[in-house]
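S.K.: Protein sequences appear in the order of chains F and A. Note that the working numbering has the first sequence beginning at 88, numbered continuously upward. Note that the working numbering has the second sequence beginning at 88, numbered continuously upward. Supplied in structure tokens, the structure appears directly below.
2 protein chains.
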Amino acid sequence: MQDILKDLFIKNDKKIVLLVLDGVGGLPREKGGKTELETAKTPNIDVLACEGECGLHLPIGFGITPGSAPGHLALFGYQPTDYPIGRGVVAALGIGFPIQAGDVAARVNFATRDEEGRITDRRAGRIPTEKCAELCQLLSSVSIPGVELFIQPVKDYRAVVIFRGEGLSDKVEDTDPQATGVKPRDPQASSTKGEKTARIAAQFISQALELLKDGQPANALLMRGFAELPHIPSMRERFGLDSVALAVYPDYKGVSRLVGMDIVEDLEDLDAQAAALRENWDRYTFFFVHHKYTDSKGEDGDFEAKVGEIEKVDHFVPRILELKPDVLLITGDHSTPAVMRAHSAHPVPFILNAANLRPDATTEFGERSCAKGTWGVIPGAKLMPLALAAAEKLAKFGA
Amino acid sequence: MQDILKDLFIKNDKKIVLLVLDGVGGLPREKGGKTELETAKTPNIDVLACEGECGLHLPIGFGITPGSAPGHLALFGYQPTDYPIGRGVVAALGIGFPIQAGDVAARVNFATRDEEGRITDRRAGRIPTEKCAELCQLLSSVSIPGVELFIQPVKDYRAVVIFRGEGLSDKVEDTDPQATGVKPRDPQASSTKGEKTARIAAQFISQALELLKDGQPANALLMRGFAELPHIPSMRERFGLDSVALAVYPDYKGVSRLVGMDIVEDLEDLDAQAAALRENWDRYTFFFVHHKYTDSKGEDGDFEAKVGEIEKVDHFVPRILELKPDVLLITGDHSTPAVMRAHSAHPVPFILNAANLRPDATTEFGERSCAKGTWGVIPGAKLMPLALAAAEKLAKFGA
Chain F
88 MQDILKDLFI
98 KNDKKIVLLV
108 LDGVGGLPRE
118 KGGKTELETA
128 KTPNIDVLAC
138 EGECGLHLPI
148 GFGITPGSAP
158 GHLALFGYQP
168 TDYPIGRGVV
178 AALGIGFPIQ
188 AGDVAARVNF
198 ATRDEEGRIT
208 DRRAGRIPTE
218 KCAELCQLLS
228 SVSIPGVELF
238 IQPVKDYRAV
248 VIFRGEGLSD
258 KVEDTDPQAT
268 GVKPRDPQAS
278 STKGEKTARI
288 AAQFISQALE
298 LLKDGQPANA
308 LLMRGFAELP
318 HIPSMRERFG
328 LDSVALAVYP
338 DYKGVSRLVG
348 MDIVEDLEDL
358 DAQAAALREN
368 WDRYTFFFVH
378 HKYTDSKGED
388 GDFEAKVGEI
398 EKVDHFVPRI
408 LELKPDVLLI
418 TGDHSTPAVM
428 RAHSAHPVPF
438 ILNAANLRPD
448 ATTEFGERSC
458 AKGTWGVIPG
468 AKLMPLALAA
478 AEKLAKFGA
Chain A
88 MQDILKDLFI
98 KNDKKIVLLV
108 LDGVGGLPRE
118 KGGKTELETA
128 KTPNIDVLAC
138 EGECGLHLPI
148 GFGITPGSAP
158 GHLALFGYQP
168 TDYPIGRGVV
178 AALGIGFPIQ
188 AGDVAARVNF
198 ATRDEEGRIT
208 DRRAGRIPTE
218 KCAELCQLLS
228 SVSIPGVELF
238 IQPVKDYRAV
248 VIFRGEGLSD
258 KVEDTDPQAT
268 GVKPRDPQAS
278 STKGEKTARI
288 AAQFISQALE
298 LLKDGQPANA
308 LLMRGFAELP
318 HIPSMRERFG
328 LDSVALAVYP
338 DYKGVSRLVG
348 MDIVEDLEDL
358 DAQAAALREN
368 WDRYTFFFVH
378 HKYTDSKGED
388 GDFEAKVGEI
398 EKVDHFVPRI
408 LELKPDVLLI
418 TGDHSTPAVM
428 RAHSAHPVPF
438 ILNAANLRPD
448 ATTEFGERSC
458 AKGTWGVIPG
468 AKLMPLALAA
478 AEKLAKFGA
């Protein structure tokens, strides 16, 4: 299916807004109760549900709990299983590092070794993030001719290193032996393409060990998940869209960058996002507006606070509507039920609002009300073709 | 899915009728209003909805607006994206030309050239269809040994040429340079298989230019979209069906021919179609009955007239029922909302009526009533397996 879209896109000025309430899907807190979304008062969004077509989507597939990056890829119209993202790139995107085509990223774990160089603790006693940041600062003095090097803390003992230069490749195997009592492996190329990068990684490790040598417990490092940016055709190539991301958090800017979106920087909150939407309205045809805190409150297990975040987004919706978008798609990238304190595999409600639609029986934004909508349960990556069709951006297939 | 059907089919005498209301899906004309189909009084079809299983289908895929040929291929059980149909064949089918396996069809545009042979207008001043028909008549005197040649007007400056003979191939590139101020390209084979056809096309062009030389503004021609009939296994091969098309319009006979259906010619209206259905009842196991005017009125933007056409089909339905078909499938090949005056990507309602089904909540033929049916939204090409199963024409898969 997806391949034919590329041949059908029509450039026009109609504007699509994708409003994502991160992790919006939820669960009732008690038997017979309502979910967070069903509890929230969302009068503005409910009007859009009345006028629009509704359903549930599965970002990745049946039973699959989406990570943030693949959840968003699906919403951008890319079946996530067709575009696997390596661990190093996930880490780089996760901290908002602006990784570029040709870069190679790898996860780094700080570790402890004994005098013979054997690993005694693969996590360096789980040093805190602040310590990790200090060590990254220390390692930023590593210098390798012809290569630009970035090393950044992720969380606890985890960091990420990015190599930038000519002729790099992710065809390098992990140095992490996945066991204690043995030495780390040397970086080995898994194919000839990876040989240069393996040599560079070896130089990096050698200099790093020198810098870390008195740094008990973090006197060693292990590398894993060498990865390049996957080759993802941009939203302009695939859909003819000029797209922009209005997101507060770095992770979501990262995944937007992956599909070639422009990014508006330094947005602090929904107010700033509304202002940026207005300022950029004439420049783009696709606007991704992201609200993080529905997910954060779900992960905190704070049902009431998640309800509050949903209501904040509802208050924000009129600021989108006053710009008169041609198509407004409201949904989430996955579910984050407060009772589970984590992402979950539950399908995610959506509302598609545009002029030429068939309003269905759904009259409010909720998991079970949207389940009664026209679309039933559909793959997340199919929302984009529906939005494109509603914006009259797809030509007829065949005569 | 589709590949396994071929190994499962069971020959029996049960009869399936596929009744297509072309472009039946619609949209409300005002906020809160009903669609054409929801407005139409369809008491006969509503009874079938009460007794049957209902849903919506997507002929090609999410967001994709179907052309007539691929829309019908889907209804005949062929996923249209698996059977692309080239431009020349689309043109030939579109004018009802009985194209055969081995024929090569190409689109011809009449054009204007200057004294040096450079194209000055790729559309010959958009000559009217009548003029185009005259020119085709003139070119019918072109004679190439060993090849039968047909040239027919399509619309305005567009025509189609069909070459029939031994060893032809569509591996020939366009002669249209897609620009003015340059000469047309010579027909070039894109692989050795196309060399004979390229030579024939060159002879055709050479003779045609001689005939057109005083014919300003149409003193040249450009060829594009050389195409052979796609290799589509027949409905007999795939489903074991003896099938016949009862259609008024040539396009629908054309697409029926593509899947190996027999064609009843010279049907003028639903009365004639009803009579032909009765006459042919004992000879076939699959009957495709097509009504064009629901689509035509939609394309005219005439909501009321489309409602009227739907009601005409409802009056016709008892003439099918009196023959006691084992399975009756009523649907459309796409939507043509009067408010859009064009084909659209909206899903299409269907009713499957047969003995051993589970009647669902749907009690009338409509977009939103069928959306509440058992099947939700399914791919159009899956309707045929449902009909075959209801006619007990598919064996068990596995032990």
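Ideal Cβ positions, reconstructed from N, Cα and C, are used throughout, including at glycine.
(1) Kindly say whether histidine 377 of chain A, judged by its beta-carbon, lies nearer than 9 Å to any beta-carbon of chain F.
(2) Going along chain A, which residues have a C-beta under 7 Å from aspartate 447 of chain F?
(3) Alpha carbon to alpha carbon, how far is aspartate 94 of chain A from isoleucine 319 of chain F? Give it in angstroms, no decimals.
(4) Under DSSP, the alpha helix (DSSP H) around serine 383 of chain F begins and ends at which residues?
(5) With 7 Å as the C-beta to C-beta threshold (strictly closer), list the residues of the stretch 157-178 of chain A near chain F in chain order.
(6) List the residues of chain A that leucine 475 of chain F touches, going by C-beta distances under 8 Å, in chain order.
(7) By alpha-carbon positions, which one of F:Gly120, F:Val247 and F:Asp100 ends up nearest to arginine 194 of chain F?
(8) So, using beta-carbon positions, are methionine 322 of chain F and aspartate 263 of chain F closer together than 9 Å?
(9) Note the first and the last residue of the continuous alpha helix (DSSP H) segment covering leucine 160 of chain F.
(10) In the DSSP assignment, what are the bridge partners of glutamate 140 of chain F?
(11) By the DSSP assignment, the beta strand (DSSP E) with methionine 310 of chain A in it spans what residues?
(12) To the nearest angstrom, report how far apart histidine 402 of chain A and alanine 127 of chain A are at their CA atoms.
(13) Compare the C-beta of glycine 183 of chain A with all C-beta atoms of chain F and state if any pair is closer than 9 Å.
(14) Rounded to a whole number of angstroms, what is the C-alpha to C-alpha distance between glycine 460 of chain A and proline 466 of chain A?
(15) Under 9 Å Cβ-Cβ, which residues of chain C neighbour glycine 485 of chain F?
(16) Tell me whether glycine 269 of chain A is buried or exposed, calling it buried when 16 or more other Cβ atoms sit within 10 Å of its Cβ.
(17) For methionine 88 of chain A and serine 227 of chain A, I'd like the C-alpha separation in whole angstroms.
(18) Contact criterion: CB-CB distance below 9 Å. Does lysine 93 of chain F meet it with respect to chain A?
(19) Whose Cβ in chain F lies nearer than 7 Å to the Cβ of glycine 463 of chain A?
(20) How big is the Cα-Cα spacing for leucine 145 of chain F and alanine 156 of chain A?
(21) Pull the bridge partners of glutamate 235 of chain A from the DSSP assignment, please.
(22) Taking only runs of the beta strand (DSSP E) that begin and end inside the stretch 316-366 of chain A, which ones reach a length of at least 3 residues, in chain order?
(23) So who's on the other strand from alanine 198 of chain F, going by DSSP bridges?
(24) Proline 185 of chain A to valine 376 of chain F, Cα distance in whole Å?
(25) Where does the unbroken alpha helix (DSSP H) through valine 426 of chain F begin, and where does it stop?
(26) Over the uninterrupted alpha helix (DSSP H) stretch that includes proline 466 of chain F, give me the two end residues.
(27) At which residues does the beta strand (DSSP E) containing leucine 222 of chain F begin and terminate?
(28) Beta-carbon of methionine 427 of chain A versus every beta-carbon of chain F: anything under 9 Å?
(29) Looking only at its chain, what residues have a beta carbon closer than 6 Å to the beta carbon of alanine 442 of chain A, apart from the 5 residues adjacent to it on each side?
(30) May I ask you to report which of helix, strand or coil DSSP gives serine 422 of chain F?
(31) How would you list, in chain order, the residues of chain A whose beta-carbon sits under 9 Å from the beta-carbon of proline 472 of chain F?
(32) Please say whether threonine 381 of chain F and valine 400 of chain F have beta carbons closer to each other than 9 Å?
(33) Name the chain F residues whose beta carbon is nearer than 8 Å to that of threonine 122 of chain A?
(34) Beta strand (DSSP E) containing valine 104 of chain A: first to last residue?
M.R.: On the basis of the data shown:
(1) no
(2) Arg455 and Ala458
(3) 38 Å
(4) 380-386
(5) Pro157, Pro167, Thr168, Ile172 and Val177
(6) Gly150
(7) F:Val247
(8) no
(9) 155-162
(10) F:Leu439
(11) 307-315
(12) 12 Å
(13) no
(14) 15 Å
(15) Among the protein chains of the structure shown, namely F and A, there is no chain C.
(16) The sequence given here places valine at residue 269 of chain A; glycine does not occur at that position. It is exposed - the Cβ of valine 269 of chain A has fewer than 16 other Cβ atoms within 10 Å.
(17) At methionine 88 of chain A, the pLDDT of 45 sits below 50, so the modelled position is not reliable; the number obtained from the coordinates is stated separately. Cα to Cα, the separation comes out at about 46 Å.
(18) no
(19) Gly463
(20) 31 Å
(21) A:Arg251
(22) 330-333
(23) F:Ala307
(24) 53 Å
(25) No alpha helix (DSSP H) contains valine 426 of chain F, which DSSP labels as neither H nor E.
(26) Premise fails: proline 466 of chain F lies in the beta strand (DSSP E), 464-466, not in any alpha helix (DSSP H).
(27) Taken as a continuous stretch (DSSP letters only), leucine 222 of chain F belongs to no beta strand (DSSP E), being part of the alpha helix (DSSP H) at 216-226.
(28) yes
(29) none
(30) strand
(31) Gly148, Phe149, Gly150, Ile151 and Ala432
(32) yes
(33) Arg445
(34) 103-108
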